[in-house]
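Here the protein sequences line up with chains A and B, keeping their order.
For the first sequence, the working numbering begins at 26 and goes up steadily by one.
For the second sequence, the working numbering begins at 356 and goes up steadily by one.
The next block holds one structure in the form of structure tokens; read it before the comments.
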Amino acid sequence: MESSRFIVLPAPLIHEAPEHYACIGREGFHKRAKSFSYEQGAIDPVNVYTPILILGILAFGFAAFSIIIATLTGPKRYNRAKVDAYECGIEPTPQPMGGGRFPVKYYLTAMMFIIFDIELVFLYPWAVAFDQLELFGFLAMALFLFNLAVPFVYEWRRGGLEWD
Amino acid sequence: MSGSQFGLFGNDPWWLVIGKSVAVFGLLVLLTLFTIWWERRVVSRMQNRIGPNRVGPFGLLQSLMDGFKLAFKEEILPKSAHVGVYWIAPVISATAAFVAFAVIPFGPTVSIFGVETPLQLTDFPVSVLYVLAIASIGVYGLVLAGWASGSTYPLLGGLRSTAQVISYEIAMGLSFVGVFLYAGSMSTSEIVIAQEPIWYAVILLPSFLIYVTSMVGETNRAPFDLPEAEGELVGGFHTEYSSLKFALFFLAEYINMVTVSALATTLFLGGYLAPWPLSLWESANTGWWPVLWWLIKVQLFIFLFIWLRATLPRMRYDQFMKFGWKILIPISIVWIFIIAIARLFRDSVSVTNTQLLVGGAIVIAVLLIGSWLFQLRADKRDAAAELELDERRARPFDANAGGYPVPPLPGERFEYTSRRAMAAGTVATTTVAVAAPETTNEEAPDA
């Protein structure tokens with residue numbers, strides 16, 4: 026489900042990027058190539074992403090440390106009622122929400138999300154390269170959005186977006 | 356200018372990368388502690404209270420002490436919880452919240468111990484997309500926490516939270532498209548520099564408003580804090596969490612608040628660039644000063660969050676989802692088209708003023724006719740609904756229909772039938788009452 030969120034750029038692709046993007050238009054390629062300095066190799070993908078890794082390790086370490094330290098510092102007084110699921114004092118439901126089943130509406134929302142998310146992933150590069158794509162790009166995107174709007178309107182009319 | 360600055364990313368020496376990471380980490384923790392305190396103080400003032408003022412000067416150390424206190428509280432592991440996932444969920448939430456901040460610029464290039472470096476941890480050509488991606492990973496924390504607790508309220512809260520965050524993420528993502536279109540880049544540092552002539556909040560006002568709305572939904576904050584609606588879901592996904600695991604969720608929520616505020620600043624309010632009267636001062640955009648402007652702008656958004664929380668009541672869930680899917684998303688898409696067309700006309704298509712005016716007139720006419728038709732249908736539908744309601748009102752309400760007495764709903768009248776009358780056989784059964792509404796209507800008030 027989440028795979029659409031990531032644009033995975035393997036290292037070789039980044040180095041090949043100027044050729045890869047060349048179809049966008051000669052002007053755009055030159056501008057891009059200069060501003061990101063692909064040619065000089067100033068962007069080493071490893072170095073650009075390393076700080077994220079370090080910050081991630083710091084954050085993960087902090088979170089893990091907090092959780093572990095809390096088990097040592099906190100008191101432990103067993104009480105049967107305490108470890109029951111909290112439902113405002115009444116007997117907890119043995120199987121929350123009918124044994125792990127939940128309303129199909131959430132699946133519908135998730136599916137709509139995926140569709141629109143893919144739309145976003147298409148819209149972003151289009152928006153960035155808009156000035157180079159000109160009228161053709163605009164019409165192509167208009168067609169794509171129209172194709173997307175049809176099922177959206179259909180779902181809307183069929184009550185797929187109604188919540189209660 | 357942009358090229359040279361972009362080139363500096365990824366060229367930092369090791370000690371600087373580690374130093375900047377620690378600085379960003381510290382900044383986020385400090386901002387969280389400050390924001391919690393600030394929120395409590397401001398909300399207190401808005402509610403005619405004083406708020407925390409005992410621990411430290413002005414109560415500033417209150418949130419830190421609360422954190423310490425939580426560390427000494429008992430950790431409760433619910434019997435029905437899935438242990439591994441229950442433990443990892445807050446870690447995912449907190450880690451994702453911290454990591455998303457990596458691409459936020461909070462200053463231009465400065466010199467730290469003789470090394471020229473941008474005041475930003477890192478940047479790459481798709482950094483805004485990266486923020487969205489990490490925000491999506493953060494959702495895992497919520498949904499897993501809700502699921503792993505093995506309890507009804509957390510599960511419902513987690514599901515709601517997920518549905519909410521993913522719904523508003525689309526509106527949020529669509530509001531970025533205008534910015535990318537104008538900046539011609541998805542890298543945060545380049546977007547900031549592209550705003551030197553004018554902030555995007557000014558020229559892309561609808562995008563900005565959509566973003567501000569959806570960022571409140573995205574962070575589960577009031578008035579969109581339905582996953583934590585205590586009236587119906589107790590604490591939402593973190594109901595079963597206690598001690599520092601709860602603190603991590605809290606931390607994640609506030610860091611997310613800071614991150615979306617910082618993103619709003621970056622994309623729409625010119626990031627660290629000085630606002631207008633200050634920008635007349637030559638050195639306003641050099642050295643360490645921009646960090647101050649950045650901080651002020653971020654604090655403005657955080658104040659907005661607090662203000663909203665103190666002012667607006669919580670929305671109902673169906674209204675909320677309706678607002679996201681049926682208003683924000685269609686408006687965003689239409690707005691993207693408007694921007695794209697405007698841009699297209701400016702860039703490539705050469706049109707005369709007459710053509711533009713005629714085209715505009717046609718578009719406006721189509722919109723007007725469309726809205727008129729829409730209104731006509733809506734009116735018809737309303738009339739039909741009104742008619743149906745009248746019909747239902749005219750029918751007597753049978754309170755004992757299912758063999759169990761129920762109180763009438765608003766708009767329904769309860770037809771009282773005394774037991775004596777029932778026993779005497781005047782009104783034989785309740786089904787008779789429905790079959791012959793006229794007679795019961797007459798009798799009921801007297802009986």
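Don't be surprised by glycine CBs; every beta carbon is placed ideally from N, CA and C.
- Taking all protein chains shown into account, Val653 of chain B has 16 or more neighbouring C-beta atoms within 10 Å of its C-beta and is therefore buried.
- One Cα belongs to Leu388 of chain B, the other to Asn172 of chain A, and the distance between them is close to 47 Å.
- Here the alpha carbon of Leu133 of chain A sits roughly 7 Å from the alpha carbon of Gly185 of chain A.
- In this structure, Met541 of chain B keeps its C-beta atom at 7 Å or more from the C-beta atom of Leu622 of chain B.
- Here Leu588 of chain B has Tyr508, Leu511, Gly512 as same chain residues with Cβ atoms under 6 Å from its own Cβ, once five neighbours each way along the sequence are excluded.
- Note on Gly586 of chain B: under 16 other CB atoms within 10 angstroms of its CB, so exposed under the neighbour-count rule.
- Listed in chain order, the positions of the segment 554 to 575 of chain B with a beta carbon within less than 7 Å of a beta carbon of chain A would be empty, since no residue qualifies.
- If you ignore the 5 residues before and after Ala518 of chain B, its C-beta comes within less than 8 Å of the C-beta of Met676, all in its own chain and listed in chain order.
- Note that the C-beta distance between Glu430 of chain B and Thr118 of chain A is not below 7 Å.
- Rounded to the nearest angstrom, the gap between the Cα atoms of Arg698 of chain B and Met166 of chain A is 14 Å.
- Assignment of Val470 of chain B by DSSP, reduced to helix, strand and coil, places it in the strand class.
- CA-to-CA, the gap between Tyr672 of chain B and Gly679 of chain B works out to about 11 Å.
- The residue from B:Asp737, B:Arg732, B:Gly766 with its alpha-carbon nearest to that of Arg747 of chain B is B:Gly766.
- Contact annotation, Gly99 of chain A with Ser598 of chain B: C-beta distance approximately 5 Å; criterion of less than 8 Å satisfied.
- As a beta-bridge residue in DSSP terms, Val465 of chain B pairs with B:Thr472.
- Exclusion of the five residues before and after Asp109 of chain A leaves Pro117 as the residues of its chain whose Cβ lies within less than 6 Å of its Cβ.
- The C-alpha of Asp745 of chain B is placed about 29 Å away from the C-alpha of Arg774 of chain B.
- Around the CB of Ala739 of chain B, fewer than 16 other CB atoms lie within 10 Å, so the residue is classed as exposed.
- If you ignore the 5 residues before and after Gly462 of chain B, its C-beta comes within less than 6 Å of the C-beta of Leu474, Tyr627, Pro645, Val646, all in its own chain and listed in chain order.
- Under the Cβ criterion of 7 Å, Pro100 of chain A is counted among the residues facing chain B.
- The C-beta separation of Ala503 of chain B from Tyr441 of chain B comes to about 4 Å, placing the pair in contact by the 8 Å criterion.
- Only exposed fits Thr666 of chain B, as fewer than 16 other CB atoms lie within 10 angstroms of its CB.
- Taken through DSSP and simplified to helix, strand or coil, Gly505 of chain B comes out as coil.
- In the three-state DSSP reduction, Pro561 of chain B falls in the helix class (H, G or I).
- In the three-state reduction of the DSSP assignment, Val454 of chain B falls in the helix class.
- Pro76 of chain A is positioned such that its CB atom lies closer than 7 Å to that of Ser376 of chain B.
- Near chain B, meaning a CB-to-CB distance below 7 Å, the residues of the segment 81 to 109 of chain A are Gly81, Leu83, Ala84, Phe85, Ala88, Ala89, Ser91, Ile92, Ile94, Ala95, Thr96, Thr98, Gly99, Pro100, Lys101, Arg102, Lys107, Val108, Asp109.
- At least one CB of chain A lies nearer than 7 Å to the CB of Asp673 of chain B.
- Annotation for Trp181 of chain A: the continuous alpha helix (DSSP H) segment containing it runs 155 to 182.
- Distances from the alpha-carbon of His437 of chain B to those of B:Glu595, B:Pro480, B:Phe601 put B:Glu595 closest.
- Cβ neighbours of Gly528 of chain B within its own chain (closer than 8 Å, five residues either side excluded): Leu487.
- What Met670 of chain B touches in chain A, judged by beta-carbon distance under 8 Å, is nothing: the nearest beta carbon there is about 11 Å away.
- Close partners of Pro117 of chain A in chain B (Cβ separation under 8 Å): Ser435, Ser506, Thr507.
- Note that the segment 389 to 399 of chain B does not touch the segment 571 to 584 of chain B; fewer than 3 beta-carbon pairs, one per stretch, sit closer than 8 Å.
- Distance from Val73 of chain A to Gly539 of chain B at the Cβ level is roughly 20 Å; contact not present, criterion being Cβ atoms closer than 8 Å.
- Annotation for Asp367 of chain B: no alpha helix (DSSP H) segment contains it, and DSSP assigns it neither H nor E.
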